[in-house]
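Beneath this line is the structure, given in structure tokens, with notes to follow.
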Amino acid sequence: MWLGIPAGLVYTIFFILPIVTALFYSFTDWNMDRFDSPKFVGMNNIINLFQDEIFLRSLWNTVLFAFSTTILKTVVGLVLALLVVKKFRGNSIFRTLFYLPCILSCMIVGLLFTGILKQDGLINNFLTVIGQADLARDWLGSYGTAMFWIIIIEVWMWAGFTMFLFISGLQAIPREYYESAEIDGASSWKRFTKITLPLLAPSFTVVVTFNITGGLKVFDLVYSLTGGGPGFDTQVLSTYTYRAFGMGLLGKSSASALILSIFIVGVTFVLNKFLRSREVDV
Amino acid sequence: MKLTRKRIGTILTVLILLVISSVYIVPILMMVLGSFKTQGEALHMDLTLPAQLQFENYQHVIETGGILRGYTNSLIITVSAVAIIIIFGSMTGIIISRRGDRKGRGLYYYFVFGLTATMQIVTTYALILKLGLYGTYISVIFVLAAINLPFAVITFSSYVKGIPREIDEAAIMDGCNSFQLIFKVLLPIMKPITITNLIIAAIGIWNNFQVPLYLMSSSERTTIPMMIFNFYGLYSRDWNYVFAALVITVLPVVILYLCLQKHIVEGMTSGAVKG
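Top to bottom, those sequences are chains A and B.
Counting with our numbering, you get residues 611 to 892 for the letters of the first sequence.
Counting with our numbering, you get residues 208 to 482 for the letters of the second sequence.
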């Protein structure tokens with residue numbers, strides 16, 4: 611039994627203990643000035659958060675980001691998987707390329723796309739060349755377009771990962787199903803909707819759960835691309851938490867982080883229930 | 208040559224894939240080209256070739272950017288944290304699966320909790336401050352290890368469950384003590400799951416930005432992603448340097464990826480399925 615002690619200790623001290631203390635500190639006015647003597651304030655932090663427009667905005671942005679990226683990654687990933695799963699020379703080159711972004715740090719991807727999207731960036735230069743200069747703008751500095759591009763970049767990064775999850779799902783479908791469908795004269799669209807999609811259900815469960823939890827936690831990409839701006843247009847829960855932390859409002863910051871955690875557990879639970887019920891046995 | 212329907216389909220697929228590929232190649236191309244340009248050329252983002260290859264950009268970045276320092280830091284942190292995860296994680300995984308009793312099950316669910324819970328970064332920061340570890344390697348190493356331990360413990364224990372107990376019994380009959388049993392018999396059998404855990408933990412920790420940001424933001428000991436971010440803060444007008452710095456950070460990772468591609472892809476995908 612002693613063999614479990616080292617792992618148990620590290621995990622308890624550096625993971626569990628902060629969670630337990632967060633449960634306590636979220637209900638105090640804990641801040642940098644009164645680091646050692648926080649006062650109990652009951653539900654005040656939570657109530658204040660839900661009355662704070664910026665927090666509500668962050669909550670909405672987090673949900674928007676998580677759901678739209680999940681849908682897009684699922685669709686793009688599935689399309690990519692269907693394209694590269696076909697047998698032809700060189701298909702592994704495409705797989706390698708599409709997977710590449712997801713081993714990179716978000717910071718690197720963030721800086722790369724800053725170069726593409728800034729006022730004198732690649733996209734605007736391209737628009738000027740094709741004579742559409744008036745469409746050019748500071749894509750990450752304008753209201754509305756900033757969030758749109760963060761979503762696109764996240765999909766760019768992780769679509770290849772989703773693709774691989776689908777590839778292993780596609781390869782698990784027995785060939786005979788398609789062969790007998792073909793003999794029965796089913797069109798390729800019919801084969802796709804009646805065989806491929808239903809039998810991919812377990813892959814969908816993994817893809818959606820994985821991407822939703824990842825999306826709700828998003829931090830690095832937003833932080834490196836916009837820092838939550840312009841204004842609070844792209845603020846998400848984890849950047850909101852960091853902002854409160856930066857202002858020294860530790861109690862409020864813990865409460866915000868706690869709400870995010872509870873939210874993640876709730877969403878994953880409901881989604882999992884729903885998706886598993888739709889899986890069919892082969 | 209007669210074009211069959213299948214052949215046309217394949218050509219069409221490749222054409223579509225080539226178009227999609229450009230979306231992945233263009234940013235990389237822009238980065239590589241930009242890293243060889245002069246400051247004036249690089250400021251105007253495009254895909255033109257530089258008039259003259261400016262190798263000085265790389266020299267400048269290596270001399271002033273602290274990128275090499277960031278590499279050393281990232282290596283120290285990643286290697287130590289991964290070592291903790293693999294050694295402690297496998298030991299715990301083994302005892303959980305080999306003790307089918309209540310204590311073992313309790314420990315198992317204690318770690319399962321860690322898979323669903325999210326890290327509380329603010330109180331982690333406070334804890335590190337209290338322990339006097341702010342800005343040290345140790346703080347980041349232990350926090351990152353703790354985040355990754357649940358997954359390692361769970362996957363190790365379910366893998367060991369699949370190894371027949373007869374192997375243990377045979378080893379003990381041959382005079383193995385429990386130490387030898389673990390390190391000489393079980394660990395070699397656990398190689399596939401060890402590689403999976405190694406890859407998931409190493410990539411996650413190498414790229415992690417949030418933990419160093421909270422626990423050692425402006426320190427000399429900070430990791431590559433943080434270094435790059437700080438570098439951009441200083442040189443945001445000199446895109447030739449920014450691109451050179453990006454190439455230096457990306458290149459080793461990409462080379463490693465191309466060499467270990469099969470393991471990385473398999474490891475990360477099976478990680479998502481089990482997680």
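Using N, Cα and C, we set each Cβ at its ideal position, and we do this for glycine too.
The model shown is predicted, which means the values in this text are computed figures rather than measured ones.
- Note on geometry: alpha-carbon atoms of F723/A and N882/A lie some 33 angstroms from one another.
- Annotated three-state conformation of F650/A is strand, per DSSP.
- The alpha-carbon of V694/A is positioned some 33 angstroms away from that of V739/A.
- Annotation: P371/B is outside any alpha helix (DSSP H) and is labelled neither H nor E by DSSP.
- As for any alpha helix (DSSP H) of minimum length 4 sitting wholly inside the region 395 to 426 of chain B, the runs are 398 to 414 and 417 to 423, ordered along the chain.
- Classified as exposed, D646/A has fewer than 16 neighbouring CB atoms from the shown chains inside 10 Å of its CB.
- Linking T803/A to L810/A through their CA atoms gives a straight-line distance of about 10 angstroms.
- Using a 10 angstroms sphere on the CB of F660/A, the tally of other CB atoms stays under 16, which defines it as exposed.
- With 16 or more other Cβ atoms inside 10 Å of its own Cβ, V367/B counts as buried.
- Judged by DSSP in its simplified three-state form, T211/B adopts coil rather than helix or strand.
- When CB distances to chain A are screened at a threshold of 7 angstroms, the residues of the region 401 to 420 of chain B falling below it are I410, N414, F416 and Q417, in chain order.
- Contact annotation for V875/A against chain B: T323, A324 and T325 [CB-CB distance below 9 angstroms, chain order].
- T638/A is bridged by DSSP to F650/A.
- In the assembly as shown, K469/B is an exposed residue. Its beta-carbon has fewer than 16 other beta-carbons within 10 Å.
- Not one beta carbon of chain A lies nearer than 8 angstroms to the beta carbon of G307/B.
- For I328/B, at least one C-beta of chain A is nearer than 8 angstroms to its own C-beta.
- Between C712/A and F771/A, the CB-CB gap stays under 8 angstroms.
- Here F318/B carries a helix assignment [DSSP, helix/strand/coil].
- In this structure T331/B is not in contact with P616/A, their Cβ atoms being roughly 19 angstroms apart against a cut-off of 8 angstroms.
- Taken through DSSP and simplified to helix, strand or coil, Q729/A comes out as coil.
- Secondary structure at I291/B: helix, using DSSP grouped into helix, strand and coil.
- Where C466/B is concerned, the enclosing alpha helix (DSSP H) starts and stops at W446 to C466.
- When only Cα atoms are considered, L859/A and L420/B end up about 17 angstroms apart.
- The DSSP-derived three-state label of S281/B is helix.
- Under the rule that a run must span 3 or more residues, no beta strand (DSSP E) segment is found entirely inside the region 728 to 803 of chain A.
- Of N655/A, T844/A, L868/A and L619/A, the smallest CA-CA separation from N671/A is found for T844/A.
- Beyond the five residues adjoining it in sequence on each side, T631/A comes within less than 6 angstroms, by CB distance, of no other residue in the same chain.
- For Y788/A, the closest C-alpha among the options F776/A, R801/A and A782/A is that of R801/A.
- Under the Cβ criterion of 8 angstroms, D830/A is counted among the residues facing chain B.
- For G321/B and F820/A, the gap between their C-alpha atoms comes out near 16 angstroms.
- One thing to note: A451/B has its Cβ within 8 angstroms of the Cβ of N264/B.
- Taking a contact to require three or more Cβ pairs closer than 8 angstroms, the region 669 to 685 of chain A and the region 845 to 856 of chain A qualify as touching.
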